[in-house]
Amino acid sequence: MIKIVVDAMGGDNSPTVNVKGVIKALNELSDVSIVLVGDEAQIAPLLQGEKYDASRLHILHASDVISCNEVPTVAIKTKTDSSMSKAFELLRTDADARALVSLGSTGALLAGTVLRVGRIRGVKRPAFCPILPTVVPNQIVAICDSGANVDCDPLYLQQFAVMGSLYLKKAFGVENPRVALLNIGVEEEKGDALRKETYQLLQKTPSINFVGNMESRDLLSGEFDLVVCDGFAGNVLLKSTEGACLELMRLLKRGMMSSLKTKIGALLIKKKMYEIKDLMDYNNYGGAVLIGAAKTVVKGHGSSNETAVYHCIKQAYAMESNHLVDAIAAELAPQQT
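Residue numbers for the sequence shown follow this note's numbering, beginning at 1453 and rising by one.
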């Protein structure tokens, strides 16, 4: 039985979406038990009338919530009755608790991971690794790092490549992930000192399938499985891509509603447009894994719906079922000096 801790508070639509996502996960994953951490007075009514295996769901009451405008390290240390703090404490002290899913403050989640859970031996820095769809059907691309580490050195990026590759293998069954380095051009000599040195290091890393540099415009091309970058560039890449896709969909909708002729045309392609919308919806892909932590931590988008929560839990389940933490430890621990 895989025990997963779910922070029920902190998201824009919490705890409703958290509870619904948990119920869906319990009904589809027979070897999962879940602890919902949050205000029991809000959580309990949401469970009434729902069908699920009650023996695999428990509530840990927490009366407080860490908001996104609080100082992360201070909040984790001082707001001990918050849902996130209590979730981390349970993850730290309960050997059976294998993973944590939260929609709450990104900064607090990162601080809690570092202060309460720690890193895998040999890992220099944990990194966020979100998943995006590509234009190739049923193919995804991961970005590592997307915001946990603004300042990086080449060794950090090398580890991001190794950990991200293992993540794609273990959680998504990608046999030989194609690893690219985010850069301003595809030529080997392009980029600043960090990118140039990292390029040479990745070329000499036998455990990854390094395929060279990637320009940001090719992120969704389907030509790459993992894009390695520092957290600053990765966060810009992720948010600009998401924003461009959203604005493009709004532009198409406005164009199709502009006249009777375009409205008739829109009816003819309505099904395909909904398929594209679903393809680009982050709720269908779960959250960003904080890869390199000593236990599995998944950060869902603050505005996630119940589908996203369910996929976050499935991500955590897949990682634990396939022993990702152990695989990273086996790969990187020998590098520790």
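Built from N, CA and C at the ideal position, the CB exists for glycine as well.
CB-CB length for Asp1505 against Leu1478, believed under 8 Å: Counted from its first residue, the sequence shown places residue 1505 at position 53. Counted from its first residue, the sequence shown places residue 1478 at position 26. Rounded, the Cβ-Cβ distance is 6 Å, consistent with contact.
Could you pull out every unbroken alpha helix (DSSP H) segment of at least 4 residues lying fully inside the stretch 1656-1723, listed in chain order? 1683-1708, 1712-1720
Supposed contact pair Phe1580 and Asp1603 - C-beta distance, whole angstroms, cut 8 Å: For the purposes of this step, residue 1603 is identified with residue 151 of the sequence shown, where counting begins at 1. For the purposes of this step, residue 1580 is identified with residue 128 of the sequence shown, where counting begins at 1. That pair is no contact at about 15 Å.
By alpha-carbon positions, which one of Lys1622, Gly1664, Ile1660 ends up nearest to Gly1637? Walking along the sequence shown from the start, residue 1637 turns up at place 185. Looking at the Cα atoms, Gly1664 is the closest of the given residues.
In angstroms, rounded to a whole number, what distance separates the CA positions of Ser1756 and Gly1707? Against the sequence shown, residue 1756 aligns to sequence position 304. Against the sequence shown, residue 1707 aligns to sequence position 255. Going by the C-alpha atoms only, they are around 28 Å apart.
What does the alpha-carbon distance come out to for the pair Ala1768 and Gly1739? Within the sequence shown, the letter at position 316 stands for residue 1768. Within the sequence shown, the letter at position 287 stands for residue 1739. Computed Cα separation, rounded: 10 Å.
Would you list the one or two residues that DSSP bridges to Cys1581? Looking up residue 1581 in the sequence shown gives position 129. DSSP lists Val1741 as partners of Cys1581.
Option nearest His1753 by Cα separation, candidates Ala1746, Lys1747, Val1741: Here residue 1753 is taken as the residue at index 301 of the sequence shown, counted from 1. The residue with the shortest Cα to Cα distance from His1753 is Val1741.
Contacting residues, own chain, Cβ-Cβ under 8 Å from Thr1789 (five flanking each side not counted): Here residue 1789 refers to the residue found at position 337 of the sequence shown. Since pLDDT at Thr1789 reaches only 45, below the 50 mark, its modelled position is unreliable, and the value read off the structure follows with that caveat. The answer is none, since no qualifying residue turns up.
Taking the CB atoms as reference points, tell me whether Ile1456 and Val1484 lie closer together than 8 Å. Reading the sequence shown from its first residue, position 4 is the one you call residue 1456. Reading the sequence shown from its first residue, position 32 is the one you call residue 1484. Result yes, Cβ atoms of Ile1456 and Val1484 sit closer than 8 Å.
Simplified DSSP assignment, three categories, for Ile1636: In the sequence shown, residue 1636 corresponds to position 184, counting from 1. Residue state, collapsed to three classes: coil.
Would DSSP call Val1631 helix, strand or coil? Counting from 1 along the sequence shown, the entry for residue 1631 is found at position 179. Strand, per DSSP.
Quick check on the DSSP output: what are the complete alpha helix (DSSP H) runs of length 4 or more inside the stretch 1548-1598, in order along the chain? 1558-1564
Does the Cβ-Cβ distance between Ile1595 and Leu1689 come in under 8 Å? Numbered from 1 along the sequence shown, position 143 holds the residue referred to as residue 1595. Numbered from 1 along the sequence shown, position 237 holds the residue referred to as residue 1689. Their beta carbons are under 8 Å apart, which means Ile1595 touches Leu1689 by this criterion.
Evaluate the contact criterion for the stretch 1558-1571 versus the stretch 1485-1498: three or more CB pairs, one atom per stretch, below 8 Å. no
Whole angstroms is fine: what's the gap from Asn1601's alpha carbon to Arg1702's? Position 149 of the sequence shown, counted from the first residue, corresponds to residue 1601. Position 250 of the sequence shown, counted from the first residue, corresponds to residue 1702. Approximately 32 Å between the Cα atoms of the pair.
Whose C-beta lies closer than 7 Å to the C-beta of Asn1774 among residues of the same chain, with five residues either side of it excluded? What you label residue 1774 is simply residue 322 of the sequence shown in a count that begins at 1. Answer for Asn1774: Lys1622, Ala1623, listed in chain order.
Exposed unless 16 or more other CB atoms sit within 10 angstroms - verdict on Gln1655: Taking the sequence shown and counting its residues from 1, one reaches residue 1655 at position 203. Gln1655 should be labelled exposed.
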